[in-house]
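Just below is one structure, and these are the notes that go with it.
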Amino acid sequence: DQQVKQNSPSLSVQEGRISILNCDYTNSMFDYFLWYKKYPAEGPTFLISISSIKDKNEDGRFTVFLNKSAKHLSLHIVPSQPGDSAVYFCAASGTSYGKLTFGQGTILTVHP
Amino acid sequence: DGGITQSPKYLFRKEGQNVTLSCEQNLNHDAMYWYRQDPGQGLRLIYYSQIVNDFQKGDIAEGYSVSREKKESFPLTVTSAQKNPTAFYLCASSSPSGKAYNEQFFGPGTRLTVL
Numbered sequence: 025d026q027q028v029k030q031n032s033p034s035l036s037v038q039e040g041r042i043s044i045l046n047c048d049y050t051n052s053m054f055d056y057f058l059w060y061k062k063y064p065a066e067g068p069t070f071l072i073s074i075s076s077i078k079d080k081n082e083d084g085r086f087t088v089f090l091n092k093s094a095k096h097l098s099l100h101i102v103p104s105q106p107g108d109s110a111v112y113f114c115a116a117s118g119t120s121y122g123k124l125t126f127g128q129g130t131i132l133t134v135h136p
Numbered sequence: 004d005g006g007i008t009q010s011p012k013y014l015f016r017k018e019g020q021n022v023t024l025s026c027e028q029n030l031n032h033d034a035m036y037w038y039r040q041d042p043g044q045g046l047r048l049i050y051y052s053q054i055v056n057d058f059q060k061g062d063i064a065e066g067y068s069v070s071r072e073k074k075e076s077f078p079l080t081v082t083s084a085q086k087n088p089t090a091f092y093l094c095a096s097s098s099p100s101g102k103a104y105n106e107q108f109f110g111p112g113t114r115l116t117v118l
């Protein structure tokens with residue numbers, strides 16, 4: 025049972041445009057959400073997070089939006105840069121300390 | 004520099020052999036985790052440990068074993084009972100005193116190939 029889903033395996037955008045990566049979850053006990061970025065053959069690196077008491081969190085070019093009623097979150101990257109090309113994982117955490125549930129990942133390609 | 008190290012980066016094993024993957028952290032984190040990543044899939048939790056001398060099974064613990072004798076170290080043994088051991092293995096750690104207690108920091112990973 026996939027509790028965190030990223031339904032788009034890949035996304036391709038032009039440099040300078042907006043990238044929107046989506047994530048859906050089914051477990052209403054999740055109260056903290058994170059986005060990680062991963063390059064091939066490397067470990068994921070933390071990008072941005074959001075608590076369930078908020079609906080938006082912004083950090084530079086990255087903004088995460090949370091819609092609790094729809095159990096949906098999205099990551100916006102604007103403007104997109106070629107260096108943003110990577111796999112992006114959405115992750116969620118509930119009451120179990122520290123334990124994260126990850127989505128399948130979305131491969132983002134930003135073309136110059 | 005503080006961080007998480009995993010060794011080796013690439014590991015080859017013959018079928019039927021056990022192999023141990025190393026994970027060390029000097030971040031003074033209490034919790035440590037092991038994940039595996041397969042192509043087209045997300046990270047799946049194998050085992051995790053919240054404190055020394057204690058660990059719990061994750062979602063796919065069968066065929067794996069761990070120990071947590073020191074805060075800094077959380078080795079993972081892939082046993083011959085694991086049916087599909089070829090994968091990319093990632094170790095992570097986190098701390099309850101951090102800004103986001105469930106923000107996990109990852110090592111560079113070990114790619115295990117069974118021949």
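These protein sequence lines map, in sequence, to chains A and B.
Numbers 25 to 136, taken from the numbering used here, label the letters of the first sequence in order.
Numbers 4 to 118, taken from the numbering used here, label the letters of the second sequence in order.
Glycine is no exception: its CB is placed at the ideal position from the N, C-alpha and C atoms.
Please read these numbers as outputs of a predicted model, since none were measured by experiment.
{"Asked": "Beta-carbon separation (whole angstroms), residue 75/A vs residue 55/A, contact threshold 8 Å", "Found": "7 Å"}
{"Asked": "is_contact[residue 73/A, chain B] using C-beta, thresh 8 Å", "Found": "yes"}
{"Asked": "For residue 108/A, three-class secondary structure by DSSP", "Found": "helix"}
{"Asked": "Residues bridged to residue 77/B (per DSSP)", "Found": "Per DSSP, none; premise fails for residue 77/B."}
{"Asked": "Three-state secondary structure assigned by DSSP to residue 66/A", "Found": "coil"}
{"Asked": "Cα-Cα separation between residue 132/A and residue 73/A, rounded to whole angstroms", "Found": "19 Å"}
{"Asked": "Segment contact, 8 Å Cβ cut-off, at least three pairs: the stretch 4 to 14 of chain B with the stretch 88 to 107 of chain A", "Found": "no"}
{"Asked": "CA-to-CA distance, residue 82/A to residue 21/B, given in whole angstroms", "Found": "45 Å"}
{"Asked": "Residue 52/B vs residue 71/B beta-carbon contact at 8 Å", "Found": "yes"}
{"Asked": "N-terminal and C-terminal residue of the beta strand (DSSP E) that residue 32/B is part of", "Found": "Looking at the DSSP string, residue 32/B is not in any beta strand (DSSP E), and its letter there is neither H nor E."}
{"Asked": "Cβ shell of residue 123/A (< 6 Å), same chain only, five flanking positions each side left out", "Found": "none"}
{"Asked": "First through last residue of the beta strand (DSSP E) which encompasses residue 36/A", "Found": "34 to 38"}
{"Asked": "Buried or exposed (CB count within 10 angstroms, at least 16 for buried), residue 106/B", "Found": "buried"}
{"Asked": "Buried or exposed by the 16-neighbour rule on C-beta atoms within 10 Å, applied to residue 67/A", "Found": "buried"}
{"Asked": "Beta bridge counterpart(s) of residue 134/A as assigned by DSSP", "Found": "37/A"}
{"Asked": "Close beta carbons around residue 111/A, own chain, < 6 Å, minus the five adjacent residues each side", "Found": "62, 129 and 131"}
{"Asked": "Min CB distance residue 107/B to chain A below 8 Å", "Found": "yes"}
{"Asked": "Residues that residue 128/A contacts on chain B, provided the C-beta gap is smaller than 9 Å", "Found": "43, 44 and 45"}
{"Asked": "Contact set for residue 101/B: own chain, Cβ-Cβ below 6 Å, skip 5 residues either direction", "Found": "Residue placement at residue 101/B is poorly supported in this model, since its pLDDT is 48, which falls under 50; the coordinates still yield a value, given next. Here the set comprises nothing."}
{"Asked": "Nearest neighbour of residue 37/B, chosen from 136/A, 134/A, 125/A and 86/A [CA to CA]", "Found": "125/A"}
{"Asked": "Contact list for the stretch 43 to 72 of chain A against chain B, Cβ threshold 9 Å", "Found": "56, 58, 60, 62, 65, 66, 67, 68, 69 and 70"}
{"Asked": "Beta-carbon contacts of residue 106/A that lie in its chain and below 8 Å, excluding the five residues immediately before and after", "Found": "39, 134, 135 and 136"}
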